[in-house]
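K.L.:
Structure provided below as structure tokens; questions to follow.
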Amino acid sequence: MRGKERGHEPNFEEKVAERRERRELEDVQATIASLEKQLAEAQGGKGSSKQQLTPKAEKEQLKALQKQLKEERKKVAELEAEIAEQVVARERAETELVKRESAAKLVEEKEAELKEVQEELKSKEVELEDINGKIVILEGTLQRLRTRAAGQGEDEHSAHGEFPDGVERKASSDLDAMERELSQVQARIEEETRKADELEKELRDVQAEIEASADPSPIPTPQPSVSSASSAHSAFVAQRLLNIINESNKTVNTLREENVSLLMQIAGVAQ
Numbered sequence: 112m113r114g115k116e117r118g119h120e121p122n123f124e125e126k127v128a129e130r131r132e133r134r135e136l137e138d139v140q141a142t143i144a145s146l147e148k149q150l151a152e153a154q155g156g157k158g159s160s161k162q163q164l165t166p167k168a169e170k171e172q173l174k175a176l177q178k179q180l181k182e183e184r185k186k187v188a189e190l191e192a193e194i195a196e197q198v199v200a201r202e203r204a205e206t207e208l209v210k211r212e213s214a215a216k217l218v219e220e221k222e223a224e225l226k227e228v229q230e231e232l233k234s235k236e237v238e239l240e241d242i243n244g245k246i247v248i249l250e251g252t253l254q255r256l257r258t259r260a261a262g263q264g265e266d267e268h269s270a271h272g273e274f275p276d277g278v279e280r281k282a283s284s285d286l287d288a289m290e291r292e293l294s295q296v297q298a299r300i301e302e303e304t305r306k307a308d309e310l311e312k313e314l315r316d317v318q319a320e321i322e323a324s325a326d327p328s329p330i331p332t333p334q335p336s337v338s339s340a341s342s343a344h345s346a347f348v349a350q351r352l353l354n355i356i357n358e359s360n361k362t363v364n365t366l367r368e369e370n371v372s373l374l375m376q377i378a379g380v381a382q
């Protein structure tokens, strides 16, 4: 019951209008009661204390009372219909406000989800930075290997006409290890890209839900809504997260380009 009271409390104008209609209804009902009493007295012949009327006058008076009673009853029916409409309008307003409160709650839940997604994206950015650092290290290792292999190869080739078996095996082993590690890095990047795409889709879905929940619709009794400010803030947070995802995607593309470059360098050393 308390939840319903919180959902909708009649404002001052509503209360005044309802009290006015109730008073009108009570007045009309009192008039009807008086008319019914007069009609009963006229029909029962009570009224000896008053001036005696002719049968024709009594008939006309009775007819007038019946007409007035009919009109008053019609007023009662109209007032009852108006009150019923007010009750229906209030119930409709309460239902609409419950929907608005549900939408506001949904916004709060989505804000919490967006916060979790933001934290996860930050974690993925750190992982991408780690991958980038590892690629830089691999690039340096590859360059040193190429330099060392080239230097040793020239010395040995000048003496023997070919690379010594030890140097060739070491270079091949190092290259194989780096190719495996680069493949792992590439797989990780593809996995992160897939996750980023999923997060981006989820965020767009959240934005669509927020916009739908914040869509204003007319209700009989305007009430202050907490969903508008929350949805605006949620949309702002969602946009920031989408920007983070876009930056992450740029980082992923950069890492892919670096991987391609490294693979080309490895291929050059292998030849």
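For our numbering, add 111 to where a residue sits in the sequence shown, where the first one is 1. C-beta: ideal position from N, C-alpha, C; glycine also.
To the nearest angstrom, how far is it from the Cα of Glu193 to the Cα of Glu207?
P.N.:
Numbered from its first residue, the sequence shown carries residue 193 at position 82. Numbered from its first residue, the sequence shown carries residue 207 at position 96. So the two alpha carbons sit approximately 21 Å from each other.
K.L.:
Measure the CB-CB distance between Ile143 and Val187 and report whether it falls below 8 Å.
P.N.:
Mapped onto the sequence shown, residue 143 falls at position 32. Mapped onto the sequence shown, residue 187 falls at position 76. Contact flag set, yes.
K.L.:
Just confirm the distance between the C-beta atoms of Leu180 and Glu147, as a whole number of angstroms; I'd bet it's less than 8 Å.
P.N.:
Here residue 180 corresponds to residue number 69 of the sequence shown, with the count starting at 1. Here residue 147 corresponds to residue number 36 of the sequence shown, with the count starting at 1. Correct: roughly 7 Å between the Cβ atoms.
K.L.:
Can you tell me which of the three DSSP states Thr165 falls into?
P.N.:
The sequence position of residue 165 within the sequence shown is 54, counting from 1. It is coil, neither helix nor strand.
K.L.:
Going by alpha carbons, who is nearest to Lys178 out of Val209, Glu309, Gln149?
P.N.:
Residue mapping note: residue 178 aligns to position 67 of the sequence shown, counting from 1. Minimum Cα distance to Lys178 is reached at Gln149.
K.L.:
On a CA-only basis, which of Arg211, Lys221, Glu189, Glu124 is nearest Asp316? Give me that one, please.
P.N.:
Here residue 316 is taken as the residue at index 205 of the sequence shown, counted from 1. Per the Cα distances, Lys221.
K.L.:
From Glu189 to Glu129, what does the alpha carbon distance come to, in whole angstroms?
P.N.:
Against the sequence shown, residue 189 aligns to sequence position 78. Against the sequence shown, residue 129 aligns to sequence position 18. Their Cα atoms are separated by approximately 14 Å.
K.L.:
Given a threshold of 16 other Cβ atoms within 10 Å of its Cβ, counted over all protein chains shown, does Glu191 qualify as buried or as exposed?
P.N.:
The residue you call residue 191 lines up with position 80 of the sequence shown. Exposed, since its Cβ has fewer than 16 Cβ neighbours within 10 Å.
K.L.:
Can you tell me whether Ala195 is buried or exposed? The criterion is at least 16 other CB atoms within 10 Å of its CB, across all chains shown.
P.N.:
Residue numbering aside, residue 195 sits at position 84 when the sequence shown is read from its first letter. By the neighbour-count rule (16 or more Cβ atoms within 10 Å), Ala195 is not buried but exposed.
K.L.:
State the Cα-Cα distance for the pair Leu136 and Lys126, rounded to the nearest angstrom.
P.N.:
By 1-based counting over the sequence shown, the position of residue 136 is 25. By 1-based counting over the sequence shown, the position of residue 126 is 15. Straight-line Cα distance between these residues: approximately 15 Å.
K.L.:
In whole angstroms, what separates the C-alpha of Arg305 from that of Glu205?
P.N.:
As a first step, residue 305 is located in the sequence shown; it is residue number 194 there, counting from the start. As a first step, residue 205 is located in the sequence shown; it is residue number 94 there, counting from the start. The alpha-carbon atoms of Arg305 and Glu205 are separated by roughly 44 Å.
K.L.:
Use the C-beta contact count for Glu183: other C-beta atoms within 10 angstroms, 16 or more gives buried, fewer gives exposed.
P.N.:
Here residue 183 is taken as the residue at index 72 of the sequence shown, counted from 1. Under this definition Glu183 is a buried residue.
K.L.:
Between Thr258 and Ala298, what straight-line distance do the alpha-carbon atoms span, to the nearest angstrom?
P.N.:
Here residue 258 is taken as the residue at index 147 of the sequence shown, counted from 1. Here residue 298 is taken as the residue at index 187 of the sequence shown, counted from 1. Straight-line Cα distance between these residues: approximately 28 Å.
K.L.:
Exposed or buried, which one is Arg211 when buried takes at least 16 other CB atoms within 10 Å?
P.N.:
Taking the first residue of the sequence shown as position 1, residue 211 is located at position 100. Buried, since its Cβ has 16 or more Cβ neighbours within 10 Å.
K.L.:
Would you report the Cα separation of Gly272 and Ser284, rounded to the nearest angstrom?
P.N.:
Position 161 of the sequence shown, counted from the start, is the residue given in the question as residue 272. Position 173 of the sequence shown, counted from the start, is the residue given in the question as residue 284. Because Gly272 sits at a pLDDT of 47, beneath the cut-off of 50, its placement in the model cannot be relied upon, and the following sentence gives the value as read from the coordinates. Whole-angstrom Cα-Cα distance: 22 Å.
K.L.:
Would you decide whether Lys167 is buried or exposed? Buried here means 16 or more other CB atoms lie within 10 Å of its CB.
P.N.:
Looking up residue 167 in the sequence shown gives position 56. By the neighbour-count criterion, in which 16 or more other beta carbons inside 10 Å mark a residue as buried, Lys167 falls on the exposed side.
K.L.:
Around the Cβ of Lys235, are there at least 16 other Cβ atoms within 10 angstroms (buried) or fewer (exposed)?
P.N.:
Position 124 of the sequence shown, counting from 1, holds the residue named residue 235. So Lys235 ends up on the buried side.
K.L.:
Please classify Ala288: is it buried, with 16 or more other beta-carbons within 10 angstroms of its beta-carbon, or exposed?
P.N.:
For the purposes of this step, residue 288 is identified with residue 177 of the sequence shown, where counting begins at 1. Burial call: exposed.
K.L.:
Would you call Val139 buried or exposed, if buried means 16 or more other Cβ atoms sit within 10 Å of its Cβ?
P.N.:
Walking along the sequence shown from the start, residue 139 turns up at place 28. By the 10 Å Cβ count, Val139 comes out buried.
K.L.:
By how many angstroms is the C-alpha of Glu302 removed from the C-alpha of Lys245?
P.N.:
Translated into the one-based positions of the sequence shown, residue 245 becomes position 134. Translated into the one-based positions of the sequence shown, residue 302 becomes position 191. Between Lys245 and Glu302, the C-alpha separation is close to 17 Å.
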